[in-house]
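As numbered in mature numbering (1 follows the signal peptide of the UniProt record, and there is no 0), residues -21 to -1, 1 to 188 make up the sequence shown, in order. Working notes, beginning with the structure itself.
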Amino acid sequence: MKRLTTATAILTSLLSASALAQSYQQDLNTGLYLGAGIGQSKLDNDTLDFLSDAGANTDDSDTGYKLFMGYDFGPNFALEASYLDFGDFTASASGFIDGTPASANAKLNIDGFGLGLLGRLPIQGGFSIHAKVGLIAWDAELSGKAIYDGETVFEASEGADGTDHFYGVGAEYVINRVMVRAEYERYDLSDSGEDFTIDLLSGSVGYLF
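Here you go:
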């Protein structure tokens, strides 16, 4: 009888531990999460390519940043909002006009707010892969100036905005409510018939509440 009582106690303890673990895992699969990421953004744009082919010095990549907040509706789906700053993309040229030094430069900055649906496939032990699709409300500012004989002869800035789509894939690992994520995202922006495609490769850290 004593052995039976001991076995029953051990079995009860194991079942209780399993139930607690399952409950804890369920908590991780639902609820709010916050995170921040950093990575490299790269711009593909016909005008920038044309300037590069014409001999201008162009920089089509920069450090990109993002902040995100999401809600897990279970282990497979989440709704995620984000703020993204893709950094600055630049072009410059210098030379001589009738023997007088002259130069020109331009800078394009793009940021925006995104809202996307994330579909997740849990693999094992807190590791999962995911895909996402959504919309981004973006804002861009283009500024430039021209210098002739050491004096600024032209300086201007212009803004544009719009709403376009994005998609991405990634992988993440969760341990003790801390999330580590690696992601590739593509943002297809368009303004006045001109396309701006931004690829963002990033790493993020987040926390599940």
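Note that the Cβ used here is the ideal one computed from N, Cα and C, for glycine as well.
Inset, instruction - Would you check if the region 112 to 119 and the region 67 to 83 touch, i.e. whether three or more CB-CB distances between them fall below 8 Å? - result: no
Inset, instruction - Could you tell me which of A150, F29, G66, S82 sits nearest to L97, measuring between CA atoms? - result: Of all alpha-carbon atoms in A150, F29, G66, S82, the one lying nearest the alpha-carbon of L97 is that of A150.
Legend entry - Neighbourhood of D23 by C-beta, 7 Å cutoff - its chain only, sequence neighbours within 5 removed: In the same chain as D23, and ignoring 5 residues on each side of it, the C-beta atoms closer than 7 Å to its own belong to T176, in chain order.
Inset, instruction - Please check the pair Y62 and G185, which I expect to be a contact at CB under 8 Å, by giving their CB distance rounded to whole angstroms. - result: About 14 Å separates the two Cβ atoms, so there is no contact after all.
Inset, instruction - Would you mind sorting residue 271 into buried or exposed? The rule is 16 or more other CB atoms within 10 Å of its CB. - result: Residue 271 lies beyond the range of the chain shown here (-21 to 188); nothing can be said about it.
Inset, instruction - State the Cα-Cα distance for the pair A83 and F56, rounded to the nearest angstrom. - result: Near 48 Å, if we compare the C-alpha coordinates of F56 and A83.
Inset, instruction - Determine the closest residue to F92 out of F133, G10, L168, with distance taken between C-alpha atoms. - result: L168
Legend entry - C-alpha gap between L46 and D64, whole angstroms: 9 Å
Legend entry - Coil, strand or helix - D39 by DSSP: coil
Inset, instruction - Go ahead and label S136 buried or exposed: buried means 16 or more other beta carbons lie within 10 angstroms of its beta carbon, across all protein chains shown. - result: Under the 10 Å beta carbon count, S136 is surrounded by fewer than 16 other beta carbons and is classified as exposed.
Inset, instruction - Report yes if the CB atom of L100 is closer than 8 Å to the CB atom of I89, and no otherwise. - result: no
Legend entry - Per-residue DSSP class, three states only, for L(-11): Model confidence at L(-11) stands at a pLDDT of 48, short of 50, so the residue's coordinates are unreliable; what they give is reported in the following sentence. In the structure shown, L(-11) sits in a helix (DSSP, three-state: H, G or I).
Inset, instruction - Mark S171 as exposed unless 16 or more other C-beta atoms lie within 10 angstroms of its C-beta, in which case mark it buried. - result: exposed
Inset, instruction - Identify whether F29 lies in helix, strand or coil by the three-state DSSP scheme. - result: helix
Legend entry - Pairwise C-alpha distance: P80 and L114: 45 Å
Inset, instruction - Find the nearest neighbour of F29 within the set E130, G18, S71, judged by alpha-carbon distance. - result: S71
Legend entry - Whether D39 touches F68 by CB criterion (8 Å): In this structure, D39 sits near F68, with a CB-CB distance shorter than 8 Å.
Legend entry - Local Cβ density within 10 Å of E162, reported as buried at 16 or more and exposed below that: Under this definition E162 is a buried residue.
Legend entry - Per-residue DSSP class, three states only, for N88: strand
Legend entry - Assigned exposure category for F145 - 16 Cβ within 10 Å defines buried: buried
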